[in-house]
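Asks:
Residue numbers (the working numbering): 1224 to 1395.
1. With H, G and I counted as helix, E and B as strand and the rest as coil, what does DSSP make of residue 1324?
2. Determine the burial state of residue 1257: buried for a count of at least 16 other Cβ atoms within 10 Å of its Cβ, exposed for fewer.
3. So what does DSSP say about residue 1368, is it helix, strand or coil?
4. Of the residues 1360, 1233 and 1376, which one's Cα is nearest the Cα of residue 1284?
5. Per DSSP, what kind of secondary structure is residue 1389 in: helix, strand or coil?
6. Please say whether residue 1249 and residue 1303 have beta carbons closer to each other than 8 Å?
7. Using a Cβ-Cβ cut-off of 7 Å (strictly less than) and excluding sequence neighbours within five positions of residue 1375, which residues of its own chain qualify?
8. Leaving out the 5 sequence neighbours to the left and right, which residues in its chain are closer than 7 Å to residue 1371 when beta-carbon positions are compared?
9. By the 10 Å Cβ neighbour count, where 16 or more other Cβ atoms means buried, how is residue 1276 classified, buried or exposed?
10. Do three or more CB pairs link the segment 1265-1276 to the segment 1375-1388 at distances below 8 Å?
11. Just list the residues that DSSP pairs residue 1394 with in beta bridges.
12. For residue 1320, which option in 1280, 1357 and 1351 has the closest C-alpha, if you only look at C-alpha atoms?
13. Under DSSP, the alpha helix (DSSP H) around residue 1265 begins and ends at which residues?
14. Assign residue 1317 to one of three DSSP states: helix, strand, or coil.
15. Starting from residue 1291, trace the alpha helix (DSSP H) in both directions and tell me its first and last residue.
16. Buried or exposed for residue 1313, please, with buried defined as at least 16 other CB atoms from any protein chain shown within 10 angstroms of its CB.
This is the structure we're talking about:
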């Protein structure tokens, strides 16, 4: 994990969050460049969670989180629409990955992590047809997941506890 890269991305995401929420774009190009990943609520929440694992910069991260939370609170309907749209897209990507089983689990499981973060922030998604599809995929994955070590970089475990992010602790 590169704190500097993730922090710079979160700064840019926070600065553009309002414009993103009010746009028709599902995956927003940050700063019009390819330096950062495209902004989506799932990517935003994942970046926040990754940075939360670095206790040495907690005050800096908390300040950006407060700013982002203010934007999300100001535009809740727009945030919910974006979350639902992204949830469907990421669910499709995750479902396709699980069906094809092409390896690279540690990389592809980021889709599932973003789905979990979207569900945490927007719990109404769990009651949708897409939320029910995810639950069915989880049941199937649990049946074939071999429990093991945390699949991402060391140091991130604190931000992704096994109870909520069980899919990050093993591989199919």
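Just so it is clear, CB atoms sit at the ideal spot from N, CA and C, and this is done for glycine as well.
Replies: On the basis of the supplied data:
1. The answer is coil: DSSP assigns residue 1324 none of H, G, I, E or B.
2. Exposed, since its Cβ has fewer than 16 Cβ neighbours within 10 Å.
3. Under the three-state reduction of DSSP, residue 1368 is assigned to coil, being neither helix nor strand.
4. It is 1233.
5. Correct three-state label for residue 1389: helix.
6. Going by C-beta atoms, residue 1303 is not nearer than 8 Å to residue 1249.
7. The residues are 1329 and 1391.
8. Only residues of its own chain outside the window of five on either side were considered, and among them 1392, 1393 and 1394 have a CB closer than 7 Å to the CB of residue 1371, listed in chain order.
9. Residue 1276 should be labelled buried.
10. Short answer: they touch.
11. In the DSSP assignment, residue 1394 forms a beta bridge with 1369.
12. It is 1357.
13. Counting along the chain, the alpha helix (DSSP H) containing residue 1265 begins and ends at 1264-1275.
14. The answer is helix: DSSP assigns residue 1317 an H, G or I state.
15. Looking at the DSSP string, the run of the alpha helix (DSSP H) that includes residue 1291 is 1281-1297.
16. So residue 1313 ends up on the buried side.
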